[in-house]
Amino acid sequence: MSKVLLNDLPYPTLKKNTEAHNISTLRKMSDAFEEKVCSRGDIYRVNVELLYVQEGFNLREIDTEHAGRIKNSYVSGVYVPPIVVKVITVDNLPRLQIIDGHHRYCALRMAMEEGCTIKGVYVTEFSGSQQLEIVNMLTSSEGKPLAPLEKADGFHRLLSMGWDKRKLHDIRIQVLLRSTDYYACSEQITESLILSGRT
């Protein structure tokens, strides 16, 4: 599946004298190209070519069956939530790093490989630190849930970025509450499990 996640689409033409490091938001990016590559608003519609997959960033492994179901939604015109992105510079070009929506991007690429014409994809802009990007992945309720080892990887990343155990405790409660919603557990039971060390 890694073939689908390659950043190999032809890149649009930047306006002359555009310096990628000065483009830090989607609003600025919308004015940086010769052709219209994104439109303005809280939700932007952007060219797929602008999306960028940071190798090793996503906590989740790509599940091709899950991506295939999303692909069917793109092909049939069923609503798919926007991909969450952050403007970064790659090889001196402004790109949109995917923060949340790797399966949606994979589904887009699968649809394109099957001949589906995708004129643009809806995105929203993430604003926050690297730590908050990881917290977003841990607490996101969209899509496929994280496996226990994927959650552990996220917590380990936060510890290595200097988070203390108290901050992690608060995030673990949020993650565990989301996981246990399906079983109708109360917050008290969840907190007692965490405080007793049985998580």
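For the sequence shown, my numbering begins at 5 and goes up steadily by one.
Note that the Cβ used here is the ideal one computed from N, Cα and C, for glycine as well.
Just so it is clear, the structure is predicted and the values come from calculations on it, not from any experiment.
Beta-carbon separation (whole angstroms), Leu150 vs Leu163, contact threshold 8 Å:
On the sequence shown, residue 150 is found 146 positions in, with the first residue counted as 1. On the sequence shown, residue 163 is found 159 positions in, with the first residue counted as 1. That belief does not hold up - the Cβ atoms of Leu150 and Leu163 are roughly 17 Å apart, past 8 Å.
Selected residue, minimal CA-CA separation from Tyr56, among Asn21, Gly124, Tyr109
For the purposes of this step, residue 56 is identified with residue 52 of the sequence shown, where counting begins at 1. Of the listed residues, the one whose Cα sits closest to Tyr56 is Tyr109.
Rounded straight-line distance, which links the Cα of Met165 to that of Gly205:
As displayed, the chain neither begins before 5 nor continues past 203, which places residue 205 out of reach and without an answer.
Select from Leu54, Val52, Pro16, Glu129 the residue whose C-alpha is nearest the C-alpha of Lys90.
Position 86 of the sequence shown, counted from the first residue, corresponds to residue 90. If we check each option's Cα against that of Lys90, Glu129 comes out closest.
Residues near Phe37 in its chain [Cβ-Cβ closer than 7 Å; skip 5 each side]
Numbered from 1 along the sequence shown, position 33 holds the residue referred to as residue 37. Excluding positions up to five away in sequence, the list reads Pro16, Thr17, Leu18, Lys19.
Residue ranges of each beta strand (DSSP E) within the region 20-98, 3 or longer
47-50, 87-94
For Met114, tell me which candidate among Val79, Met141, Ser144 has the shortest Cα-Cα distance.
Taking the sequence shown and counting its residues from 1, one reaches residue 114 at position 110. Among Val79, Met141, Ser144, the Cα nearest to that of Met114 is on Val79.
Look up Tyr109 in the DSSP assignment and say whether it is helix, strand or coil.
Within the sequence shown, residue 109 is the residue found at index 105, counting from 1. If DSSP states are grouped into helix, strand and coil, Tyr109 belongs with the helices.
Return the chain-ordered list of same chain residues with a C-beta closer than 7 Å to the C-beta of Leu112, the five sequence neighbours on each side being excluded.
Working through the sequence shown from its first residue, we reach residue 112 at position 108. Excluding sequence neighbours, Leu112 sits near Val52, Tyr78, Ile122, Val125.
Mapping DSSP to helix, strand and coil, what is Glu154?
The residue labelled residue 154 in the question sits at position 150 within the sequence shown. It is helical.
Using C-beta distances below 6 Å, list every residue in its chain close to Asn26, excluding the 5 sequence neighbours before and after it, in chain order.
As a first step, residue 26 must be located in the sequence shown, where it is residue number 22. So the list is empty, once near-sequence residues are dropped.
How is the alpha helix (DSSP H) around Thr143 delimited, first residue to last?
Stepping through the sequence shown from its first residue, residue 143 is reached at position 139. From DSSP, the alpha helix (DSSP H) with Thr143 extends over 134-143.
Starting from the Cα of Arg73, find the closest Cα among Gly158, Lys148, Glu154, Leu153 and give me that residue.
The sequence position of residue 73 within the sequence shown is 69, counting from 1. Considering only alpha carbons, the answer is Lys148.
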